[in-house]
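When the letters of the sequence shown are read in order and numbered with the working numbering, they come out as residues 153 to 275.
Cβ coordinates follow ideal geometry from the N, Cα and C atoms, glycine included.
Predicted model only: the values in this text are computed from it and were never measured.
Some notes on the structure that comes next.
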Amino acid sequence: WICRHTSPIRVDRWFRRLQLVSAGLYSLGHGGNDAQKTIGLIWMLLIAAGMVGVGDKAPPTWVSFASYGAIGRGTMFGGWRIVQTMGQRITKLKPVGGFCAETGGAITLFLATALGVPVSTTH
């Protein structure tokens, strides 16, 4: 409705730029939710192995950074194939649709993370 008097080429150009922001927010939400699960798993393994005290209130800093790094590298090296499959092979997405999907996903991930609810970000 807002863009009804604007040419489709101009609308696509604007939403391509906005997709950079929405993709960044989606990635941040994805990392915030998935990294917590990875950190928790590694922390529990360290406790079970006796390498970390049971009474510790937070995981070691290196566990957090290792988890963030692993997720970041996995997304960097394998993420493009997933994006290409989802955005071009399964369905043809235009910039407007991609922006809406990423923004909706980012909002959902931020809410789930804020509430402490682990969700699967692969769907």
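Look at the alpha carbon of residue i and the alpha carbon of residue j, and state the distance between them as a whole number of angstroms.
i, j, result
"N185", "T213", "17 Å"
"G257", "I161", "25 Å"
"T190", "S159", "45 Å"
"Q171", "G181", "15 Å"
"L261", "V271", "8 Å"
"L193", "H157", "52 Å"
"A175", "A218", "23 Å"
My guess is that residue i and residue j are in contact by the Cβ rule of under 8 Å, so how many angstroms apart are they, rounded?
i, j, result
"G250", "Y220", "Not a contact, Cβ separation roughly 25 Å."
"T237", "S179", "Contact flag wrong, Cβ pair sits at about 17 Å."
"L198", "V204", "4 Å"
"K246", "D164", "7 Å"
"I223", "A187", "6 Å"
Using a 10 Å radius around the Cβ and a threshold of 16 neighbouring Cβ atoms, would you call residue i buried or exposed?
i, result
"V269", "exposed"
"T265", "buried"
"I234", "exposed"
"V173", "exposed"
Does residue i come within less than 8 Å of chain D when only Cβ atoms are used?
i, result
"A175", "Looking for chain D here will not work: only one protein chain is present."
At what residue ranges does the region 155 to 212 contain a whole run of the alpha helix (DSSP H), taking only runs of 4 or more? 160 to 200
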